[in-house]
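The opening residue of the sequence shown carries number 34 in the working numbering; numbering runs sequentially from there. C-beta atoms are modelled at their ideal positions from N, C-alpha and C, and glycine is treated no differently.
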Amino acid sequence: MKAQPDADKTLNMILSRLDDMKAEETVTIDLRGKSAFSDYMIVTTGRVNRHVGAIAENVTKALKENGIKSIHVEGMPNCDWVLIDSGDVIVHVFRPEVREFYNLERLWTQSPAAAKAI
Numbered sequence: 034m035k036a037q038p039d040a041d042k043t044l045n046m047i048l049s050r051l052d053d054m055k056a057e058e059t060v061t062i063d064l065r066g067k068s069a070f071s072d073y074m075i076v077t078t079g080r081v082n083r084h085v086g087a088i089a090e091n092v093t094k095a096l097k098e099n100g101i102k103s104i105h106v107e108g109m110p111n112c113d114w115v116l117i118d119s120g121d122v123i124v125h126v127f128r129p130e131v132r133e134f135y136n137l138e139r140l141w142t143q144s145p146a147a148a149k150a151i
């Protein structure tokens with residue numbers, strides 16, 4: 034069994050796969066110092082349900098091929114929003130309207146003072 038790659042290597046591998054799969058509007062959020070559960074969060078968009086599912090399957094396959102065994106995936110049956118948790122990097126793959134509705138980027142990039150004011 035391969036050792037788990039470091040977070041930066043995992044991040045770059047995922048970003049490469051997302052690019053290969055034509056994922057759109059990919060945003061990387063650095064969670065180091067903000068979260069104890071992960072180092073990075075990626076938020077990206079697939080055009081339709083099939084595209085979301087294909088992106089998620091491709092990323093999951095790449096993680097397994099790179100020695101990451103404890104991968105948790107949610108949302109594959111509907112493919113509106115698929116979450117892939119690899120430990121160091123969490124990936125959210127959305128359909129465009131679902132991404133707009135949840136707006137995760139805003140939640141994780143706001144300052145604490147701004148978040149309290151809402």
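Open item on the list: I'd like to know whether the C-beta atoms of I104 and I117 end up nearer to each other than 8 angstroms.
Closed with: As a position in the sequence shown, residue 104 is number 71, starting the count at 1. As a position in the sequence shown, residue 117 is number 84, starting the count at 1. The answer is yes: Cβ separation under 8 angstroms.
- [ ] Consult DSSP for L64 and reduce its assignment to one of helix, strand or coil.
- [x] In the sequence shown, residue 64 corresponds to position 31, counting from 1. Look at L64 here: in three-state DSSP terms it is coil, with no helix or strand label.
TODO: Go through its chain and collect everything with a Cβ distance to E107's Cβ below 6 angstroms, but skip five positions before and after it.
DONE: Indexing the sequence shown from 1 puts residue 107 at position 74. Excluding residues within five positions, the ones whose Cβ falls inside 6 angstroms are L116.
Open item on the list: Tell me the rounded alpha-carbon separation between N136 and C112.
Closed with: Stepping through the sequence shown from its first residue, residue 136 is reached at position 103. Stepping through the sequence shown from its first residue, residue 112 is reached at position 79. When rounded, the distance between both Cα atoms is 17 angstroms.
- [ ] Return the Cβ separation of L51 and I88 in integer angstroms, given the expectation that the two are a contact with Cβ distance under 8 angstroms.
- [x] Numbered from its first residue, the sequence shown carries residue 51 at position 18. Numbered from its first residue, the sequence shown carries residue 88 at position 55. Confirmed, Cβ separation roughly 7 angstroms.
Task: Spatial distance of L140 from F134 (CA atoms) - done: Your numbering for residue 140 matches position 107 in the sequence shown. Your numbering for residue 134 matches position 101 in the sequence shown. Rounded to the nearest angstrom, the gap between the Cα atoms of L140 and F134 is 12 angstroms.
Open item on the list: On a Cα-Cα basis, can you pick out the residue from K55, M54, M109 and E58 that is closest to G86?
Closed with: Taking the first residue of the sequence shown as 1, we reach residue 86 at position 53. Taking only the C-alpha atoms, the option nearest G86 is M109.
Open item on the list: On the criterion of 16 or more Cβ atoms from any shown chain inside 10 Å, does V76 qualify as buried, or is it exposed?
Closed with: Translated into the one-based positions of the sequence shown, residue 76 becomes position 43. By the 10 Å Cβ count, V76 comes out buried.
Task: C-alpha distance - M46 paired with A95, whole-angstrom precision - done: As a working note, residue 46 is residue 13 in the sequence shown. As a working note, residue 95 is residue 62 in the sequence shown. Computed Cα separation, rounded: 8 angstroms.
- [ ] Starting from the Cα of V124, find the closest Cα among D53, T59 and K97 and give me that residue.
- [x] Working through the sequence shown from its first residue, we reach residue 124 at position 91. It is T59.
Task: G66, buried or exposed, once every other Cβ within 10 Å from all chains shown has been counted against 16 - done: Residue numbering aside, residue 66 sits at position 33 when the sequence shown is read from its first letter. Exposed is the call here.
Task: Runs of alpha helix (DSSP H) lying entirely within the stretch 80 to 108, each at least 4 residues, in chain order - done: Counting whole runs of 4 or more residues, the stretch 80 to 108 contains the alpha helix (DSSP H) stretches 82 to 98.
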